[in-house]
Every structure is written in structure tokens, then in C-alpha cells.
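Worksheet: one structure, shown below.
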Amino acid sequence: MPELPEVEVVRRRLLTCLPGLVVRDVRVHDATVCDLPEDELRRTIAGRRVLGLRRRGKYLMIDLGEPVAAGRLLVVHLRMTGQLLFRPEPRGRPARFVITFDPSTELHFYDMRRFGRLWSLDPRDEEAFFAALGPEPFSAAFDVAYLRRALAERRAPLKAFLLDQRRIAGVGNIYADEALFRARLNPLRAAGTVGPREAQRLHAALLETLQAGIDHEGSSIESFIDPAGRRGSFQEILNVYQRTGEPCRVCGTAIERVVVGGRGTHYCPRCQPRRGGIAPTARRARPTGPAGKRDARGAPPATRGAECG
DNA sequence: AGTGGCTCCTGGCGGC
DNA sequence: TGCCGCCAGGAGCCAC
Numbered sequence: 014m015p016e017l018p019e020v021e022v023v024r025r026r027l028l029t030c031l032p033g034l035v036v037r038d039v040r041v042h043d044a045t046v047c048d049l050p051e052d053e054l055r056r057t058i059a060g061r062r063v064l065g066l067r068r069r070g071k072y073l074m075i076d077l078g079e080p081v082a083a084g085r086l087l088v089v090h091l092r093m094t095g096q097l098l099f100r101p102e103p104r105g106r107p108a109r110f111v112i113t114f115d116p117s118t119e120l121h122f123y124d125m126r127r128f129g130r131l132w133s134l135d136p137r138d139e140e141a142f143f144a145a146l147g148p149e150p151f152s153a154a155f156d157v158a159y160l161r162r163a164l165a166e167r168r169a170p171l172k173a174f175l176l177d178q179r180r181i182a183g184v185g186n187i188y189a190d191e192a193l194f195r196a197r198l199n200p201l202r203a204a205g206t207v208g209p210r211e212a213q214r215l216h217a218a219l220l221e222t223l224q225a226g227i228d229h230e231g232s233s234i235e236s237f238i239d240p241a242g243r244r245g246s247f248q249e250i251l252n253v254y255q256r257t258g259e260p261c262r263v264c265g266t267a268i269e270r271v272v273v274g275g276r277g278t279h280y281c282p283r284c285q286p287r288r289g290g291i292a293p294t295a296r297r298a299r300p301t302g303p304a305g306k307r308d309a310r311g312a313p314p315a316t317r318g319a320e321c322g
């Protein structure tokens, strides 16, 4: 699942190729992917030059400039299985959309589960579009004081708190589980019971875990590959995520799995003890079997996508 | 307002 | 062997 680190890896890869190129055309093969009809989308972006690439939480932004002074902002969310690829090998299903650039570069969007989305925005609407998103983890706004305020008096489990994009932008299921393990905090703890020192640990753990994800070029658990078709390696050093029943790398205790907020949640019951009150709603879930099983499922072989189209 | 739960969507997999 | 139903999850939406 593309989370902040995976989207950041995609952004950095696109940054080596796209800036300076001009949008020649866009073809939409799945009308549900975009907020605009194909012809209207084309009208808003064709002829424009790529000025830069930004990221906000799990959203990727492509800044488009001339010839119209006001510019345009393309926003992509990969959701569960979205992939942006430079002119990949032909596949069974067509790309959901394809953007072609001059000189000859193609960017294809594949998305098995069709949750991914594309928006073409007036840049003046950017603030409103992202208004509900919490602070960027690597920004100055996300400091320990902010985290403590955000946690205060929340009855929701810590895991649900971390997944709430209104509180912190960009954290998803994998990095939430891994950050809680690193912070030695139980995912079922009510967020409001976290003390000052624990909040400090959680803040540090979030930044360290997300940075490790970026350094390892993302987690290729479901289907993540970068625009050049390369897999990340963070899945190889996971401590708890999808390691149900396997020994904790620190203490050897079997990793447990529960469902919190409808999401599979993995933790070490010894390293992440249930101190400080458990949020009432989490229920125990059946194990999903040995970790690694899902690595094989749906993770396509790294394609030989051209580096820059 | 805060919180939980349902829905979308698809391919893989277990069970019968 | 083949079919059916369950499962995974990001985020929007709705109900309480």
C-alpha cells in the first residue's frame, strides 16, 4: 500500500525525468479515475510544461505551468494498488490513464483495485483541497507539542489515531504498526492515555520509521513498484507488520494480530504491553498465516520500464 | 464533535 | 476440478 514513503519514492523518481517536459496528450481509459471527463482534462493540461513535483501526505502533485499564467495542478492518489510507470511492458489490462509528454515520454497509471484517483485543479483551490489533511510528519508543524495536543483526550485506539489523515498526513497501516512497535506502545491504547515521554517516543518513532521506509525505497508488499519498475526493500526489515505468529525480533514473543478500526494490526504483546487503558472497540482476529505469503500475491515482477520513458 | 462501521474493488486462496 | 465466498485496505460517507 503506498503510504508517505512510497509516494515520496515515486516523487523523487519522477523528479529526475518530468520537469521541463510538456504535456502532449492524456488518455483516460477508466472514467471513474478522474474528476473530469477526458476531453475536459485534456483541455486543462495539454500544452503545459511540468514545473515540479510535490507531495502532501499520500498525494502526489504535478505542478504544470505555461502557457496559461494561472497554471494547473495535477493530483494523484495511488490508494491501494496504484502504480505510475514510465512506458511499461504491455499488460493484460490497459492503464487507467496515460499522459504523454514531449519529448517522447509516457506515464502510465495502473491500478488493479481501481481505488486510485486523479484530479486536475486550479492551483488556487489547492489549500481547500488539502484543508482536512493534518501536518506533514517532516514539517516543523509536526513537533512533539503538536502530537501531544492531537493525542489529548482522544478515546480512539492509538492505531486508529495514526491512520486518521486529519491528525497526521501520510501514515498508513504498515508504518503505523511499525512506528508503534518502535515506540513500544500498544496499538489498542486509547490515544489520550499516552504520557509526555511516550508521546516523545512516538514522535521520534514515526519520523524514524517513515525515513527508514524512504531510505529503503518503500515497501513492496502488495504491488508497489516505482516509476522505473523497481521494488522497495522495507518489507524485508518489518518488525511486526504481517508477521503474525512469528517471533519478535527483540524478545522472541510471537507477534499477535488484532483488528482495529477495521484494519489488521500487528504488535508484540511483550514489547508493547497493554498499559494505560485499552480502547473498547478492538476485537481479536484470526491470524492471516505466515508473513511473506502476501508478498507473493499480487506483487508483480519488477518490469523493465524505461528509466524516463 | 468524535468515533465506528460500511462501501468501493479485485485477485488470490481456502473450503466444499 | 470447479465454484463460491472471504479477505485485504485508503478514504469518503453515514449513523449514533
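Sequential numbering from 14 applies to the first sequence in the working numbering. For every residue, glycine included, the Cβ atom is placed at its ideal position computed from N, Cα and C.
In the structure shown, residue 136 adopts helical secondary structure according to DSSP, grouped into three states. The Cβ neighbour count for residue 250, taken over all protein chains shown within 10 Å, is under 16; the residue is labelled exposed.
Taking a contact to require three or more Cβ pairs closer than 8 angstroms, the region 28-45 and the region 58-69 qualify as touching. With a 10 Å radius around the Cβ and a threshold of 16 neighbouring Cβ atoms, residue 24 comes out buried. Using a 10 angstroms sphere on the CB of residue 260, the tally of other CB atoms stays under 16, which defines it as exposed. One thing to note: residue 171 has its Cβ within 8 angstroms of the Cβ of residue 204.
For the 8 angstroms CB-CB criterion, residue 133 and residue 85 form a contact. The region 233-246 makes no contact with the region 211-225: fewer than 3 CB pairs, one atom from each, lie closer than 8 angstroms. Annotated three-state conformation of residue 227 is helix, per DSSP. Around the beta carbon of residue 154, fewer than 16 other beta carbons sit within 10 angstroms, so the residue counts as exposed. The beta-bridge partner set that DSSP reports for residue 114 consists of 36 and 118.
Taking the Cα positions, residue 195 is about 9 angstroms away from residue 285.
Judged by their CB atoms, residue 38 and residue 55 are nearer to each other than the 8 angstroms cut-off.
In this structure residue 99 is in contact with residue 240, their Cβ atoms being roughly 5 angstroms apart against a cut-off of 8 angstroms. Remark: C-beta atoms of residue 111 and residue 40 approach each other more closely than 8 angstroms. Residue 66 places its beta carbon 8 angstroms or farther from that of residue 89.
Less than 8 angstroms separates the beta-carbon of residue 258 from that of residue 268. For residue 89, the enclosing beta strand (DSSP E) has its first and last residue at 85-90. Each residue's CA atom was taken as its position, placing residue 117 and residue 101 some 14 angstroms apart. The C-beta distance from residue 230 to residue 242 rounds to 12 angstroms, too long to fall under 8 angstroms, and the pair is not in contact.
Secondary structure at residue 253: coil, using DSSP grouped into helix, strand and coil.
Sequence-distant Cβ neighbours of residue 115 in its own chain, meaning closer than 7 angstroms and more than five residues away, are 34, 35 and 37. Residue 178 holds the alpha-carbon nearest to the alpha-carbon of residue 17 among 156, 178 and 106. Counting the other CB atoms within 10 Å of its CB gives residue 156 a total below 16, which places it among the exposed residues.
Per the DSSP secondary-structure output, residue 273 pairs in a beta bridge with 276.
Counting along the chain, residue 67 sits inside the beta strand (DSSP E) bounded by residues 63-69.
Residue 95 is classed as buried because its beta carbon has at least 16 other beta carbons within 10 Å across all chains shown.
For the set 48, 47 and 75, the Cα lying nearest the Cα of residue 26 is the one of 75. Less than 8 angstroms separates the beta-carbon of residue 191 from that of residue 253. Pairing residue 120 with residue 46 gives a Cβ-Cβ distance that is not under 8 angstroms.
Pairing residue 128 with residue 92 gives a Cβ-Cβ distance under 8 angstroms. In the structure shown, residue 23 falls within a helical segment according to DSSP collapsed to helix, strand and coil.
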